[in-house]
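Convert by adding 11 to the 1-based position in the sequence shown; the result is the number in my numbering. Ideal Cβ placement from N, Cα and C applies to all residues, glycine included. Predicted model only: the values in this text are computed from it and were never measured.
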Amino acid sequence: MFLAMTPTQILLGVNVDHVATVRQARYRQHSLDHGDEVEPDCVAFALASEAAGADGITMHLREDCRHVQDSDIQRAHTQIGTRLNLEMACTQEMIDYALELKPDSVCLVPENREEITTEGGLDIVGHKSRVGEVVAAMSEAGIVTSLFIDPDPAQIEMSAELGSPWIELHTGTYANAYYHAGRNREFDTLRRGAELGHNLGLIINAGHGINYANIAEVVTLPHLHELNIGHSIISRALFVGVDQAVREMKAFL
Ligand code: PXP
């Protein structure tokens, strides 16, 4: 039921990884078990984002733990009131981790170079059986799966074939082309990808490189359910605070 609903407003997922990146730059040792005592705390940022209207919080536990730590995710999971979206690679360690944590959703992303398609999304065509196994395991556990893919018809069609309810279209190539000649072409590729995914019954999310300039055009993509945004909101929060940074982004949605 929840999956079939089309919200009248595009939802905002705030990715707090780079708050932890800043913390790790100074407090690599302390953060393992005292992440809440040293600044900046990514969970405090998540709670402030929710208070300002964020609809969900995204965290990516990387294999090298270079930004958020397990302890951050555990704290966020118990403290946040919206939804926790865990970005993860398709490794057995991460699958076991997610099945035990039970976040609301997982977004499968590449961890290694070999798993990346030309432009940067997860190559699910090349890793069909592994991705299919993860989608099946997550849905059996009641966890919604999203696949972070390029807006490539083959990747979108395979997402539907593997039974993933959601995809997250990689907007990074478009964002990089925003001030260059390829912008219209990249935007059109995203638009056609969103149409195709929607026609195949997929819920369409998007993310990567979305900022306060390109958001005005991004929101005109058809069928958008949720945008996952991190770097630009965190960067703006340095100057105006978390509350205003999130509210300004929400106003575009
Ligand atoms: N979506 C996914 C799958 C990502 O990996 C990231 C980056 O961590 C984002 C969205 C957010 O990207 P940005 O920080 O550029 O907004």
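Which residues DSSP lists as bridging residue i, in chain order
i      : result
CYS118 : GLU98, SER157
THR69  : ASN26, ASN96
ASN216 : GLU179, GLU237
LEU133 : ILE127
Exposed unless 16 or more other CB atoms sit within 10 angstroms - verdict on residue i
i      : result
ALA15  : Reliability fails at ALA15, whose pLDDT of 48 lies under 50, so the model's placement of it is uncertain and no value is given.
GLN85  : exposed
ASN210 : exposed
HIS191 : exposed
GLY208 : buried
ALA63  : buried
THR19  : exposed
VAL54  : buried
ASN216 : buried
THR182 : buried
PRO162 : buried
SER246 : exposed
MET12  : Residue confidence is low: MET12 scores 42 on pLDDT, short of 50, so the model does not pin down where it sits. Its coordinate-derived value is still stated next. It is exposed - the Cβ of MET12 has fewer than 16 other Cβ atoms within 10 Å.
LYS139 : exposed
VAL251 : exposed
LEU249 : exposed
ASP52  : buried
Cβ distance (whole Å) where residue i is taken to contact residue j below 8 Å
i      : j      : result
PHE56  : VAL27  : 5 Å
SER60  : VAL257 : 5 Å
ILE240 : ILE221 : 5 Å
VAL120 : GLU98  : 5 Å
ASP66  : GLU237 : 7 Å
GLN166 : ILE127 : Contact doesn't hold; Cβ gap of about 11 Å is too wide.
GLU206 : PRO233 : 6 Å
Residue span of the beta strand (DSSP E) that contains residue i, given as start and end
i      : result
GLU179 : 177 to 181
Proximity test, residue i beta-carbon vs the ligand PXP heavy atom, cut-off 8 Å
i      : result
ASN187 : no
CYS53  : no
THR156 : no
HIS191 : no
SER243 : yes
GLY183 : yes
HIS219 : yes
ASN239 : yes
HIS29  : yes
Boundaries of the alpha helix (DSSP H) in which residue i is found, first to last residue
i      : result
GLY193 : Unbroken run through GLY193: none, as it is neither H nor E.
ALA227 : 226 to 229
PRO164 : 164 to 172
ASP75  : Segment: none, ASP75 is in no alpha helix (DSSP H) and carries neither H nor E.
ILE244 : 242 to 251
TYR223 : Counting along the chain, TYR223 falls outside any alpha helix (DSSP H), and DSSP gives it neither H nor E.
GLU144 : 139 to 151
The ligand FMN heavy atom lying under 8 Å from the CB of residue i
i      : result
VAL120 : This structure lacks the ligand FMN; the ligands present are the ligand PXP.
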